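Engineer: Residue numbers (the numbering used here): 80 to 313.
Beta carbons are placed, not taken as given, at the ideal position from N, Cα and C, and that holds for glycine.
Please read all numbers here as calculations on a predicted model, not as lab measurements.
#1: Classify residue 267 as helix, strand or coil using the three-state DSSP reduction.
#2: Any idea if residue 261 is buried or exposed, counting beta-carbon neighbours within 10 angstroms, 16 or more meaning buried?
#3: How many whole angstroms separate the CB atoms of residue 182 and residue 193, which I take to be in contact at a CB cut-off of 8 angstroms?
#4: Sorted by chain position, which residues of the same chain lie with C-beta nearer than 7 angstroms to residue 267's C-beta, five sequence neighbours on each side aside?
#5: Pick helix, strand or coil for residue 273, following the three-state DSSP scheme.
#6: List, from N- to C-terminal side, the alpha helix (DSSP H) runs of 4 residues or more that fit wholly inside the stretch 122-169.
#7: What is the DSSP secondary structure of residue 110, reduced to helix, strand or coil?
#8: On the DSSP bridge list, what partners appear for residue 306?
#9: Is residue 305 close to chain C, meaning its C-beta is less than 8 angstroms from at least one C-beta of that chain?
#10: Taking the alpha-carbon positions, what's the residue 124 to residue 273 distance?
#11: Rounded to the nearest angstrom, what separates residue 257 and residue 139 at their Cα positions?
#12: Given this structure, state the Cα-to-Cα distance separating residue 86 from residue 292, to the nearest angstrom.
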């Protein structure tokens with residue numbers, strides 16, 4: 080696999096920047112974003128923003144996250160034995176999307192997006208086919224194809240919306256979920272007294288970026304390129 084996050088030049092980098100801003104509670108200017116060519120550049124930017132807190136006393140952010148999640152889960156499902164190795168499947172039920180949404184509201188923490196199931200997969204295919212159909216109908220002046228494509232678009236959107244989803248593969252236990260949620264709420268936890276450590280900052284950044292990429296978190300390095308097109312210039 081190529082050493083790149085594989086982001087397209089158009090919307091993908093914008094989505095990645097928005098995710099980083101939300102997770103770390105900061106703003107990244109267009110100039111700062113454009114100057115980041117590798118993952119190491121992003122890390123250096125984050126490190127400069129948290130420079131005043133690095134090395135200061137504080138609590139472990141993963142532990143902070145775990146206790147907040149456990150407190151909320153004890154209210155949601157008091158019968159549960161909530162330990163780091165607790166498998167969540169039995170408590171999530173058939174609708175992981177609803178479970179994560181409820182837990183997010185109860186804990187006041189951002190949750191990861193659930194993985195899509197076959198319902199969402201079918202919906203995505205219908206939406207893609209509908210967009211292609213609308214484009215062809217517009218070019219060739221085929222109203223029936225256009226109406227059919229619009230209907231497919233509506234059905235696809237509905238399927239995407241009702242997809243119950245599944246827990247991300249690295250969030251099947253409460254401990255795994257705490258690690259992921261801690262990364263997605265790094266800035267909030269730092270403001271609440273969490274300890275900012277260089278290794279933890281790197282780990283949180285990688286968790287956020289890996290959600291935008293097909294590159295596994297374990298393979299993301301400082302020299303990993305952000306854009307797919309950057310490979311052509313190497």
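Structural biologist: Straight from the coordinates:
#1: On the chain shown, residue 267 is found 188 positions in, with the first residue counted as 1. It is helical.
#2: Taking the first residue of the chain shown as position 1, residue 261 is located at position 182. Result: buried.
#3: Taking the first residue of the chain shown as 1, we reach residue 182 at position 103. Taking the first residue of the chain shown as 1, we reach residue 193 at position 114. With a Cβ gap of about 12 angstroms, residue 182 and residue 193 do not count as contacting.
#4: Stepping through the chain shown from its first residue, residue 267 is reached at position 188. Closer than 7 angstroms at Cβ, skipping near neighbours: 104.
#5: Taking the first residue of the chain shown as position 1, residue 273 is located at position 194. Strand, per DSSP.
#6: 140-155
#7: For the purposes of this step, residue 110 is taken as residue 31 along the chain shown, with counting starting at 1. Correct three-state label for residue 110: helix.
#8: Within the chain shown, the letter at position 227 stands for residue 306. According to DSSP, residue 306 bridges with 86.
#9: Among the chains of the structure shown, chain C does not appear; only one protein chain is present.
#10: Stepping through the chain shown from its first residue, residue 124 is reached at position 45. Stepping through the chain shown from its first residue, residue 273 is reached at position 194. For residue 124 and residue 273, the distance between alpha carbons rounds to 19 angstroms.
#11: Your numbering for residue 257 matches position 178 in the chain shown. Your numbering for residue 139 matches position 60 in the chain shown. Answer to the nearest angstrom: the Cα atoms are 12 angstroms apart.
#12: As a first step, residue 86 must be located in the chain shown, where it is residue number 7. As a first step, residue 292 must be located in the chain shown, where it is residue number 213. Answer to the nearest angstrom: the Cα atoms are 7 angstroms apart.
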